[in-house]
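S.K.: Following the working numbering from start to finish, the sequence shown increments by one per residue and tops out at 406.
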Amino acid sequence: MCVIGSGYVGLVTGSCLARLGHRIIFVDHDGKKMARLKAGEVPIYEPGLTDLLGFAGSTGLIEFTTSLREGVENADLIFITVNTPCKEDGSADLAGVMQVVEEISNCINDFKTIILKSTVPVGTTRLIKEWLEKRQKSQYFTLLTNPEFLREGNAVYDFLHPERIIIGTEQNSKAKTLANIYNQICEHIIITSWENAELIKYSSNAFLATKISFINEIACLCEKVGADITKVTEGIGCDSRIGPHFLKAGLGYGGSCLPKDVSAIIATGQKTGCEMRLLRSVAQVNSNQRRNFVKRLYELLPRRPDITVGVWGLSFKPGTDDIRESPALDVIAHLKGLGCRIKVFDPVSMSNFKLTHPDLHYCGDLYEAVHEAEALLILTDWNEFANADLNKVGSLMKSKVIVDGRNIFEPDLVRQLAFKYFSIGR
């Protein structure tokens, strides 16, 4: 098998397939990344991934190369896992996917199965088929769509213990080989059309984003009427028709999937004449959530350009070093605009953040980040933050103010320790 792309999806997919006993060749044009992987250095933080790649490497089941020809020549199944970022208009940028398809078509002349794991808009797989037909290459390929449902921070577990597998195909018989591979780890395999598979992926992420924006809207109402969003959420989540997952008020959704997928499905709707009013509101609520947090900071912080602010958390969620679309990006940009001295700590994502924000004070631990701070901002809900010694935190701070964007503390407990404490929806 060949896996093209060595980001989160590619590395997890390939390493997990190797764990199931398959030989994997990873292909990526980034020579430095390939060299690091060959040396046993995993370039991303994902729990369990380093051990998995180490196991696969020790058994000789994985290889790394920058040559796509080398990768696909001896592979029967080719997984495309390259990124599909947002264009300025919100639609998915398919340039990377189409470049890979063109390179594959140029270097092989025997039968292959191409499996599209990249998240692509409805109609993309059919577009690829038509593109291959025009170049008289379609006879060499079976095209399958196999969207991923991996949560960053839980991606290895999610791959090996999936709730469902979706395979999009033109003919059900063509999906049998891939379905047999997944039979080792999943009983619920849905074989459907390309269009259905593509829309299942986008709809799933759009619905998760909707739950997050919904609970943040309710949190806003809680603040106005004196209710507690944590108690409201508990009551809502006990209903089996709703469930507790993705019903946590905070700074909104971020990362590499939900923001771009919501934007992409809205763009698809616009292109096809569907207004997608609900999802437009979901995206707007998410933007407002960050904007309202920044507005609160402006009201709370002293109006001096030299104040020191401590920040806990830079990644968009705990369990990952991914800072794409992280609320921290917006909040820290605002703090810079106010002229604040910013001290930050995150367990795993500081090296990523430093690439674009080298001028911050990066701290060795969470306590260093609050030393002499006039306010502490909590932007990611890492467990170690929730377990912090608040007495020690208070003794280190110049002014005992906590603005908790993730609701990790009990308000009464924090206020008993003489903190001024502000959170979301309570």
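Ideal Cβ positions, reconstructed from N, Cα and C, are used throughout, including at glycine. Since the model is a prediction, treat every value here as computed from it, not as a measurement.
#1: In the DSSP assignment, what are the bridge partners of residue 6?
#2: Does the separation of the CB atoms of residue 280 and residue 381 fall below 9 Å?
#3: Taking residue 127 as the reference, give the member of 298, 229, 98 with the closest Cα.
#4: Could you please give me the residues that DSSP links to residue 92 through a beta bridge?
#5: Please tell me whether residue 308 and residue 238 are closer than 9 Å, where the distance is taken between their beta carbons.
#6: In three-state terms, what does DSSP make of residue 174?
#7: Can you have a look at residue 323 and say buried or exposed, based on whether 16 or more other CB atoms are within 10 angstroms of its CB?
#8: Taking the C-alpha atoms as reference points, what is the distance between residue 301 and residue 180?
#9: What is the rounded straight-line gap between the Cα of residue 6 and the Cα of residue 36?
#10: Among 271, 398, 76, which residue has its Cα nearest to the Cα of residue 373?
#11: Who are the Cβ neighbours of residue 182 in its own chain at under 8 Å, not counting the five residues just before and after it?
#12: Can you give the beta carbon distance from residue 287 to residue 354, rounded, assuming they're within the 8 Å contact cut?
#13: Which runs of the alpha helix (DSSP H), 4 residues or longer, sit entirely within the segment 298 to 386?
#14: Can you tell me which of the three DSSP states residue 66 falls into?
#15: Check the C-beta distance from residue 346 over to residue 325 and give it rounded, since I have them as a contact under 8 Å.
#16: Taking the continuous alpha helix (DSSP H) assigned at residue 249, which residues delimit it?
#17: For residue 25, collect the residues of the same chain with a Cβ closer than 7 Å to its Cβ; drop the 5 residues on either side in sequence, then sort them by chain order.
#18: Closest by CA to residue 338, which one among 316, 350, 132?
#19: Please state if the CB of residue 178 and the CB of residue 125 are separated by a distance shorter than 9 Å.
#20: For residue 221, does the count of other Cβ atoms within 10 angstroms reach 16, so buried, or fall short, so exposed?
#21: For residue 388, which three-state DSSP category applies?
#22: Is the segment 78 to 91 close to the segment 12 to 24, with three or more CB pairs under 8 Å?
#23: Between the alpha carbons of residue 41 and residue 129, how many angstroms are there, rounded?
#24: Could you check what DSSP says for residue 148 in three-state terms: helix, strand or coil?
#25: Run through the DSSP bridge pairs and tell me what residue 59 is partnered with.
#26: Is residue 39 helix, strand or coil when you go by DSSP?
#27: By a C-beta neighbour count over all protein chains shown, 10 Å radius and 16 as the cutoff for buried, is residue 401 buried or exposed?
#28: Report yes if the C-beta distance between residue 311 and residue 270 is below 9 Å; otherwise report no.
M.R.: Taking the coordinates as given:
#1: -17, 44
#2: yes
#3: 98
#4: Looking at the DSSP assignment, residue 92 forms a beta bridge with 121.
#5: no
#6: helix
#7: buried
#8: 27 Å
#9: Taking the straight line from one Cα to the other gives about 12 Å.
#10: 398
#11: 99, 101, 102, 241, 244, 245, 248
#12: 5 Å
#13: 307 to 317, 330 to 336, 346 to 350, 363 to 366, 370 to 376
#14: strand
#15: 5 Å
#16: 238 to 252
#17: The answer, listed in chain order, is 300, 301, 328.
#18: Minimum Cα distance to residue 338 is reached at 316.
#19: yes
#20: exposed
#21: coil
#22: Result no; under three Cβ-Cβ pairs closer than 8 Å.
#23: Taking the straight line from one Cα to the other gives about 24 Å.
#24: Of the three classes helix, strand and coil, the one that applies to residue 148 here is strand, per DSSP.
#25: -17, 95
#26: coil
#27: buried
#28: In contact: residue 311 and residue 270 (Cβ atoms closer than 9 Å).
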